[in-house]
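Peer 1: Input: one structure, supplied below.
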Amino acid sequence: MSRTAVLDVGKTNVKLNIADADGVILETLETPNIVHPAPPYRHHDVMATEKWLIRALRNASRRHDIGTIVACGHGSGGVLVDESGPVLPMLDYEDEPPADINTLYASLAGTFRERGSPIMRHAAHLARQMLWLETAFPQAFARGTHMLGLPQYWAWRLCGVAASEYSILGAQSHLWDVPARRFAPIVAARGWAGKLPPLAPAWATLGTLKPALAERTGLSPTTRVLCGIHDSSANFYRYQAAGLRGLTVISTGTWIVALSDETPPDALDEARGMGCNADPAGNALAGALCMGGREFSLVAGAQPAGNQADLAVLAAVVARGTLAVPCFSEDDGLLPGRARKGHVVGPPPEGAPERRVLALLLAALLTDLLLDTLGATGHVILDGSFCRDPLYAALVAALRPGQRIDFDLHGDGSAAGAALLAGQTTRTAPAPLALHTPPPLDIPALPQYRASWRTLATETET
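Residue numbering for the sequence shown follows the working numbering, beginning at 588 and increasing consecutively.
Encoded structure:
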């Protein structure tokens, strides 16, 4: 049977995943996502990625019958192009725009309801990237014909057709009003509508592989190229394709990202770093996030490879009341005013095992807080890297008694969800899904531990 090749573009690494019709990943090839310093600003080397992609597709085509290619990627990446290629390098969203750009952007970005997310640090929003490029490089910006989100850039490079897409525009781009299904006011105010190509569904076949690329990769020139999707929305779509609704998905990694189809957009709170994302059909998904993976690393410190939290150590740390109070990192969207104010309360952890359980407790408590922030009372699914430690899901379930909590051990949820797009219009039954129920935890002191942590984590907000 024909396979789907998923180009998964992360901030740090780029992967080419080969998947079957059920979204099962059969093979993964990986390379670093190269970043160069200025000039003209810190930027990703998309040409190096393209050369690698062609080699990787040629490599994979020797073992797999690839009939479809689709890209997924983070929501803060975009490339301004003309007919021949990038007009300007792809901005690294962690680069800091000039101060005058930030000041101007704050006056133009519109209301929270219109833009769908708070104004985040650095160059996180495609609208701010466009303003930076337009202001600092006016001639090059004028020459650009399309501003393409990251997955759509790669679709365009592969098949030559430019498109915009709901889930990428809905991922803190500040270009799209998700509930109203229209461009945010900044687009008309700056005259950018002509640089944003027509919308297409994530699963739409934009075209077939360019003949020259088919020859270089060894793939058929009839290979379909799909529009592509935001990575977190792709992960959520995996559960939608399995027929689930009334759902909150917690994706864990560097960020703990919560997406929910339960929470109405009007309930979102800008002060809590919440946002309105979109699923591939353009429907609103309420979002909340925190830099939980980085918090975990800063508390856990160096850990032996493959280390997992020990239940007895966990119970001892909870019983004596050792608390990791966030935020240890620079991100404080969920807990305003707490950036870099992280500290340990109570007897300090001794050794790697205690540091690990303290970090895992922090991750579980942040997850619990995210769910309360969203008002999520229905089915919750945990997935991502934290689920490799069995006590993470068990802790979240213990913190939320009476709520259905499942976890998923699929290691590449975004890639699997993107692969399932290939069957969106032909699927006749729900996509298969393997969920697990966390084991019960008997830690009598946990409710009081949670209450103490909540008080300390919120008492110094500004």
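Even glycine gets a Cβ: it sits at the ideal position worked out from N, Cα and C.
1) For ALA865, write down the residues that DSSP places opposite it in a beta bridge.
2) Which same chain residues, not among the five before or five after THR599, have their C-beta less than 8 Å away from its C-beta?
3) From the DSSP secondary-structure annotation, give me the bridge partner or partners of MET634.
4) By the three-class DSSP mapping on this structure, what secondary structure does LYS797 have?
5) Buried or exposed for GLY662, going by 16 or more other Cβ atoms inside 10 Å?
6) Considering only C-alpha positions, which residue in the set GLU701, TYR628, PRO705, LEU834 is nearest to MET861?
7) Give a yes or no on whether the C-beta atoms belonging to ARG825 and GLY965 are separated by under 8 Å.
8) Quick check on DSSP: helix, strand or coil for VAL593?
9) Measure the beta-carbon distance from ALA963 to THR1045 and round it to whole angstroms, keeping in mind my assumption that it falls under 8 Å.
10) How many angstroms separate the CA atom of ILE837 from the CA atom of GLY998?
11) Can you name the residues that DSSP bridges to PRO673?
12) Check whether the region 803-812 touches the region 753-765, taking contact to mean three or more Cβ pairs, one atom from each stretch, closer than 8 Å.
13) With distances taken Cα to Cα, identify the nearest neighbour of ALA647 among PRO685, PRO624, THR804.
14) Taking C-alpha atoms, which residue in SER972, ARG943, HIS631, GLY840 lies nearest to VAL904?
15) Would you grab the beta carbon distance between ILE656 and LEU745 for me? Rounded to a whole angstrom, and I think it's under 8 Å.
16) Starting from the Cα of ASP757, find the closest Cα among ALA714, ALA658, LEU958, VAL601 and give me that residue.
17) Short check: CB of LEU720 to CB of LEU667, under 8 Å?
18) Does ARG769 pass the burial test, meaning 16 or more other C-beta atoms within 10 Å, or should it be called exposed?
19) Along the beta strand (DSSP E) that carries GLU1046, what are the first and last residues, could you check?
Peer 2: This is what the structure holds:
1) For the purposes of this step, residue 865 is taken as the residue at position 278 of the sequence shown. Paired residues: ALA871.
2) Counting from one through the sequence shown, the residue named residue 599 turns up at place 12. The residues PRO619, ASN620, in chain order, have a CB closer than 8 Å to that of THR599 in the same chain once the five nearest residues on each side in sequence are set aside.
3) Translated into the one-based positions of the sequence shown, residue 634 becomes position 47. Answer is none; MET634 lacks a bridge partner.
4) Start at 1 with the first residue of the sequence shown, and residue 797 comes out as number 210. Taken through DSSP and simplified to helix, strand or coil, LYS797 comes out as coil.
5) To locate residue 662, count along the sequence shown from 1; it is residue 75. Buried, because 16 or more other Cβ atoms sit within 10 Å of the Cβ of GLY662.
6) The count along the sequence shown starts at 1 and reaches residue 861 at position 274. The candidate whose alpha carbon is nearest that of MET861 is PRO705.
7) Working through the sequence shown from its first residue, we reach residue 825 at position 238. Working through the sequence shown from its first residue, we reach residue 965 at position 378. It is not a contact, given that the beta carbons lie outside the stated cut-off.
8) One-based indexing of the sequence shown puts residue 593 at position 6. The answer is strand: DSSP assigns VAL593 an E or B state.
9) What you label residue 963 is simply residue 376 of the sequence shown in a count that begins at 1. What you label residue 1045 is simply residue 458 of the sequence shown in a count that begins at 1. Actually they do not touch by this definition, with Cβ atoms about 18 Å apart.
10) For the purposes of this step, residue 837 is identified with residue 250 of the sequence shown, where counting begins at 1. For the purposes of this step, residue 998 is identified with residue 411 of the sequence shown, where counting begins at 1. Distance between the alpha carbons of ILE837 and GLY998 is about 14 Å.
11) On the sequence shown, residue 673 is found 86 positions in, with the first residue counted as 1. Paired residue(s): VAL668.
12) In short, these stretches do not touch, since the Cβ pair count stays below three.
13) The count along the sequence shown starts at 1 and reaches residue 647 at position 60. If we check each option's Cα against that of ALA647, THR804 comes out closest.
14) The residue you call residue 904 lines up with position 317 of the sequence shown. Nearest option by C-alpha distance: ARG943.
15) As a first step, residue 656 is located in the sequence shown; it is residue number 69 there, counting from the start. As a first step, residue 745 is located in the sequence shown; it is residue number 158 there, counting from the start. That pair is a contact at about 6 Å.
16) For this step, residue 757 is matched to residue 170 along the sequence shown. For clarity, residue 757 is Gly in the given sequence; the question names Asp instead. Ranking ALA714, ALA658, LEU958, VAL601 by CA distance to the CA of GLY757 puts ALA714 first.
17) Along the sequence shown, read from residue 1 onward, the residue named residue 720 stands at position 133. Along the sequence shown, read from residue 1 onward, the residue named residue 667 stands at position 80. Against a cut-off of 8 Å, the Cβ pair of LEU667 and LEU720 comes out as a contact.
18) As a position in the sequence shown, residue 769 is number 182, starting the count at 1. Within a 10 Å sphere around the beta-carbon of ARG769 sit fewer than 16 other beta-carbons, which makes this residue exposed.
19) Residue numbering aside, residue 1046 sits at position 459 when the sequence shown is read from its first letter. That residue, GLU1046, is in no beta strand (DSSP E); it is neither H nor E in DSSP.
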